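Quick notes on the structure that follows.
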Amino acid sequence: MVKKTSINKNKKIEASCKKDDSSLNSKDEVARKLYVKDINPNKTPTSKFKGVWLRQWGRYSAENCDPFEKTRKWLGNFDDDIEAAIAYSKKKDEFAERKL
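Each residue of the sequence shown is one higher than the one before, counting from 1 in the UniProt record's numbering.
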(Lines of atoms letter the chains of each structure in order from A; the text may use other names.)
(Lines give C-alpha, C1' and ligand atoms only; values in the text may rest on other atoms or scores of the structure.)
Protein backbone atom coordinates (compact mmCIF):
# COMPACT_ATOMS: atom_id res chain seq x y z
CA MET A 1 0.00 0.00 0.00
CA VAL A 2 1.43 3.40 -0.97
CA LYS A 3 0.10 6.64 0.41
CA LYS A 4 1.09 10.01 -1.07
CA THR A 5 1.61 12.50 1.72
CA SER A 6 2.93 15.66 0.08
CA ILE A 7 4.33 17.14 -3.13
CA ASN A 8 6.89 19.94 -3.14
CA LYS A 9 8.12 22.26 -5.91
CA ASN A 10 11.13 20.05 -6.81
CA LYS A 11 8.79 17.39 -8.17
CA LYS A 12 9.41 14.99 -5.29
CA ILE A 13 6.69 12.99 -3.62
CA GLU A 14 6.93 11.95 0.00
CA ALA A 15 5.45 8.46 0.06
CA SER A 16 5.09 5.95 2.79
CA CYS A 17 5.25 2.26 1.92
CA LYS A 18 3.78 -0.37 4.20
CA LYS A 19 3.17 -4.06 3.68
CA ASP A 20 -0.39 -5.28 4.20
CA ASP A 21 0.74 -7.66 6.97
CA SER A 22 -1.11 -6.70 10.16
CA SER A 23 1.75 -7.99 12.36
CA LEU A 24 4.02 -5.14 11.26
CA ASN A 25 4.45 -2.17 13.57
CA SER A 26 5.17 1.48 12.78
CA LYS A 27 8.96 0.84 12.62
CA ASP A 28 8.44 -1.18 9.44
CA GLU A 29 6.81 1.77 7.69
CA VAL A 30 9.34 3.45 5.38
CA ALA A 31 9.18 7.00 3.97
CA ARG A 32 10.95 7.60 0.64
CA LYS A 33 11.49 10.53 -1.71
CA LEU A 34 10.34 9.65 -5.21
CA TYR A 35 11.01 11.84 -8.23
CA VAL A 36 8.06 12.46 -10.56
CA LYS A 37 8.77 13.10 -14.23
CA ASP A 38 7.15 15.63 -16.52
CA ILE A 39 4.59 13.86 -18.68
CA ASN A 40 4.78 14.41 -22.43
CA PRO A 41 1.22 14.75 -23.79
CA ASN A 42 2.29 13.16 -27.09
CA LYS A 43 3.45 9.88 -25.50
CA THR A 44 1.66 7.30 -23.40
CA PRO A 45 3.52 7.13 -20.08
CA THR A 46 4.48 3.72 -18.71
CA SER A 47 5.43 5.12 -15.31
CA LYS A 48 4.95 8.42 -13.55
CA PHE A 49 8.40 8.28 -11.97
CA LYS A 50 11.57 9.74 -13.46
CA GLY A 51 14.09 7.17 -14.72
CA VAL A 52 11.54 4.34 -14.62
CA TRP A 53 9.78 2.63 -17.52
CA LEU A 54 7.75 -0.50 -18.20
CA ARG A 55 9.35 -3.26 -20.26
CA GLN A 56 7.41 -5.32 -22.83
CA TRP A 57 7.40 -8.35 -20.54
CA GLY A 58 5.76 -6.47 -17.67
CA ARG A 59 8.69 -5.57 -15.40
CA TYR A 60 9.87 -2.05 -14.61
CA SER A 61 13.41 -0.90 -15.34
CA ALA A 62 15.33 1.94 -13.73
CA GLU A 63 18.29 3.92 -15.04
CA ASN A 64 20.11 7.01 -13.78
CA CYS A 65 22.70 9.39 -15.23
CA ASP A 66 26.06 9.63 -13.46
CA PRO A 67 26.95 13.36 -13.40
CA PHE A 68 30.64 12.64 -12.78
CA GLU A 69 31.32 10.14 -15.57
CA LYS A 70 28.62 11.52 -17.91
CA THR A 71 27.25 8.00 -18.45
CA ARG A 72 24.04 6.13 -17.72
CA LYS A 73 23.98 3.77 -14.75
CA TRP A 74 21.70 0.73 -14.98
CA LEU A 75 19.85 0.20 -11.70
CA GLY A 76 18.02 -3.01 -12.58
CA ASN A 77 14.63 -4.57 -13.28
CA PHE A 78 11.88 -4.49 -10.66
CA ASP A 79 8.44 -6.01 -10.15
CA ASP A 80 6.69 -2.67 -9.66
CA ASP A 81 7.35 0.98 -10.39
CA ILE A 82 7.61 1.98 -6.71
CA GLU A 83 10.62 -0.32 -6.17
CA ALA A 84 12.29 1.07 -9.30
CA ALA A 85 11.57 4.65 -8.20
CA ILE A 86 13.10 3.96 -4.79
CA ALA A 87 16.27 2.61 -6.45
CA TYR A 88 16.42 5.72 -8.67
CA SER A 89 15.90 7.99 -5.67
CA LYS A 90 18.64 6.32 -3.61
CA LYS A 91 21.15 6.60 -6.47
CA LYS A 92 20.23 10.23 -7.19
CA ASP A 93 20.63 11.13 -3.51
CA GLU A 94 23.99 9.31 -3.48
CA PHE A 95 25.19 11.44 -6.40
CA ALA A 96 23.92 14.60 -4.66
CA GLU A 97 25.91 13.74 -1.51
CA ARG A 98 29.02 13.07 -3.61
CA LYS A 99 28.72 16.48 -5.29
CA LEU A 100 28.95 18.29 -1.97
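Backbone N, C-alpha and C define an ideal beta-carbon position, used for all residues, glycine too.
These numbers come from a predicted model, not from an experiment.
Boundaries of the beta strand (DSSP E) around Ser-61: 60-66. CA-to-CA, the gap between Arg-72 and Tyr-60 works out to about 17 Å. For Lys-50, the closest C-alpha among the options Gly-58, Ala-87, Gln-56, Glu-97 is that of Ala-87. When the Cα atoms are used, Cys-65 and Asn-77 turn out to be separated by approximately 16 Å. Annotation: the continuous beta strand (DSSP E) that includes Phe-78 extends over 71-78. Relative to the Cα of Leu-54, the nearest Cα in the group Asp-80, Asn-40, Pro-41 belongs to Asp-80. Annotation: the continuous alpha helix (DSSP H) that includes Lys-90 extends over 81-99.
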